[in-house]
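Going by my numbering, the sequence shown opens with residue 1, and the numbers climb by one from there.
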Amino acid sequence: MVTSDNEIACNIRIGSWTYDGNHINLTSFGESDILDLSEMSSNTAYDVTSQKGDALATSHYPCCSEPYLAMDYQFTVKKAKLEEDKKEEETEETSKESSEESSEESSEESSEESLSLSLETEAEKDAEEEIEESSGEHIGERK
C-alpha cells in the first residue's frame, strides 16, 4: 500500500505453522520489537523510513486451543535517492532560492521607485501651488 510521499507500507510475518506456542518460544532478538537495521547496506534501492513496534503477535485458531506465535514486523520504505538525484535536487533548490531572492530584490526596487515617484509628484504639486499663489499675488498687485 502506497502512503503519503511515495512511501510503501510493508510487513514481514515470521512464525511456525507446525509448532504452536507450547513447543516454540518465539521472542524478539535483544528484546527489540523492531527490525535491527544496523547492518543493512546503505547502498540499497529503498530506505526504511519508519517502523511500528510490538511485533510479537499471538493468534488463536478455531481448530486448536494452543496459541501460535509470530513476529509481525511492520515498516514503511521509500525509494532511496541516488547521488545524482541528490546533486540535482540541491541544484534545483539553489536556483529556486536565487530566483526568490531576485524576485524580492526587484519587488523592493519597484517599491522604492513607486515611493520616489510619489514623493516627486507631491513636490511638483507643492511647487505648482506656490507658483499659482505667487501668480495670483502678482495679478492682484497689477490691478
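C-beta: ideal position from N, C-alpha, C; glycine also.
- Listed in chain order, the non-local C-beta contacts of Ile-34 below 6 Å within the same chain comprise Gln-51 and Gly-53, local neighbours out to five positions each way being set aside.
- When beta bridges are read from the DSSP output, Phe-75 appears opposite Cys-10 and Gln-51.
- Membership of Ala-57 in the beta strand (DSSP E) is indicated by the continuous run 56-59.
- DSSP lists Ser-59 as the beta-bridge partner residues of Tyr-68.
- Between Leu-56 and Thr-76, the C-beta gap is not smaller than 9 Å, which leaves the two residues out of contact.
- A Cβ-Cβ contact shorter than 9 Å links His-60 with Tyr-68.
- In this structure, Asp-5 lies away from Lys-81, with their beta-carbon atoms at least 9 Å apart.
- For the 9 Å CB-CB criterion, Ile-8 and Ser-16 do not form a contact.
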